[in-house]
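Note sheet for the following structure.
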Amino acid sequence: MSSAPHQQHIRSFVRRAGRQTRAQDRAIKTLWPRFGVPALDPVASPLLDLTALFGRSAPCVLEIGFGNGDALVRMAGSSPDRNFLGVEVHAPGVGHCLLAIERLGLTNVRLLMQDAMEVLRDRLPDHSLLGVHLYFPDPWHKKRHHKRRLVQPDLVALLAARIAPGGYFHVATDWPDYAVHIKALLGENRGFQILDTDPSHAVGGRPRTRFEARGERLGHPIWEAVYQRTS
Numbered sequence: 463m464s465s466a467p468h469q470q471h472i473r474s475f476v477r478r479a480g481r482q483t484r485a486q487d488r489a490i491k492t493l494w495p496r497f498g499v500p501a502l503d504p505v506a507s508p509l510l511d512l513t514a515l516f517g518r519s520a521p522c523v524l525e526i527g528f529g530n531g532d533a534l535v536r537m538a539g540s541s542p543d544r545n546f547l548g549v550e551v552h553a554p555g556v557g558h559c560l561l562a563i564e565r566l567g568l569t570n571v572r573l574l575m576q577d578a579m580e581v582l583r584d585r586l587p588d589h590s591l592l593g594v595h596l597y598f599p600d601p602w603h604k605k606r607h608h609k610r611r612l613v614q615p616d617l618v619a620l621l622a623a624r625i626a627p628g629g630y631f632h633v634a635t636d637w638p639d640y641a642v643h644i645k646a647l648l649g650e651n652r653g654f655q656i657l658d659t660d661p662s663h664a665v666g667g668r669p670r671t672r673f674e675a676r677g678e679r680l681g682h683p684i685w686e687a688v689y690q691r692t693s
């Protein structure tokens, strides 16, 4: 395990008691044992064995905060040669994603219901990821809440540790000041360099998300970039 930051952090999310349909509830009860990753066992090793988890050795892509999973399952379906690991804390979205995994017959997706910072810090080996996707994270738009934004120096350090050299970080937001913040942080880290190619080169392209659609309805500009993990 690497020496990436291990300290208390301010959570970038609030657990909401959203409405969960019967189908989503059924999915969590019946499909989670097949596609869900168990919570951290305090006795066993915290690190995930990704080869054992997916039943094969293949490049792994992590999506942080996948919402209802629409982008995650579409990318997984278009890239069967990749493994996809999704992290989301809200149960209705997880249930929705599990139903899509079952409907599409996907075998290359696994889900975690855990704080993404904890997953990156405690559960993933160094250089174990081909890429990380972060699409439209909570902007925490009020200035006094900016400290809650997920993209902070400790996240960037963990990404640099967990993404293999030559891999990538694909990020998108519809809040201009958050984009400026992200560009500044990634620009300061010598482990990443921005690619001068269309972000759609990332695995399977990037499907449009409901958060993106909402931002567009509000007249927000969409910013995204792909940063390559350098050696």
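Under our numbering, the first residue of the sequence shown is numbered 463, with each subsequent residue one higher. Heads up, the beta-carbon is just placed ideally off N, CA and C, and yes, glycines get one too. The model shown is predicted, which means the values in this text are computed figures rather than measured ones.
Whole-number beta carbon distance between residue j and residue i, since they are thought to touch under 8 Å
i, j, result
"Arg544", "Pro508", "Contact flag wrong, Cβ pair sits at about 24 Å."
"Leu591", "Val499", "At roughly 15 Å, the Cβ-Cβ gap does not stay under 8 Å, so Leu591 and Val499 are not in contact."
"Phe546", "Glu525", "7 Å"
"Val571", "Leu596", "Wrong, their Cβ atoms sit about 17 Å apart, outside the cutoff."
"Leu493", "Glu564", "6 Å"
"Leu657", "Arg585", "Not quite, the Cβ-Cβ distance comes to about 27 Å (not below 8 Å), so this is no contact."
"Gly539", "Leu566", "6 Å"
Rounded separation between residue i and residue j - CA only
i, j, result
"Phe631", "Val613", "12 Å"
"His468", "Arg583", "With a pLDDT of 48 at His468, under the threshold of 50, the modelled position of this residue cannot be trusted; read the value that follows with caution. Going from the Cα of His468 to the Cα of Arg583 covers about 7 Å."
"Val633", "Ala646", "13 Å"
"Val642", "Tyr689", "15 Å"
"Gly482", "Pro599", "A quick correction: the sequence has Gln, not Gly, at residue 482. One C-alpha to the other measures close to 22 Å."
"Glu686", "Thr635", "6 Å"
"Arg668", "Met537", "7 Å"
"Gly653", "Thr569", "32 Å"
"Ala619", "Met579", "11 Å"
"Tyr640", "Val581", "23 Å"
"Ile684", "Arg672", "13 Å"
"Gly593", "Ala622", "11 Å"
"Arg679", "Ala514", "43 Å"
"Val556", "Asn651", "32 Å"
"Gln655", "Gly649", "7 Å"
"Pro554", "Leu574", "13 Å"
"His682", "Ala675", "10 Å"
"Arg611", "Gly548", "19 Å"
Residues sharing a beta bridge with residue i, DSSP
i, result
"Gly548", "Glu525, Leu573"
"Thr635", "Trp685"
"Val618", "Partner(s): none; Val618 has no beta bridge."
"Gly498", "Leu573"
"Ile563", "In the DSSP output, where bridge partners are listed per residue, Ile563 has none listed."
"Phe654", "Arg691"
As assigned by DSSP and simplified to three states, the class of residue i
i, result
"His643", "helix"
"Pro599", "coil"
"Gly649", "helix"
"Leu738", "This structure leaves residue 738 out entirely; the chain is present only between 463 and 693."
"His607", "Residue confidence for His607 is low, a pLDDT of 44 falling below 50, so the modelled location carries little weight; the figure read from the coordinates is stated next. In the structure shown, His607 sits in a helix (DSSP, three-state: H, G or I)."
"Pro627", "strand"
"Gln690", "strand"
"Gln482", "coil"
"Asp584", "helix"
is_contact[residue i, chain C] using C-beta, thresh 7 Å
i, result
"Arg536", "As a matter of chain content, chain C is missing from the structure shown, which is built from one protein chain."
* Count the CB pairs spanning the stretch 559–566 and the stretch 618–628 that are closer than 8 Å, and state whether there are at least three. => no
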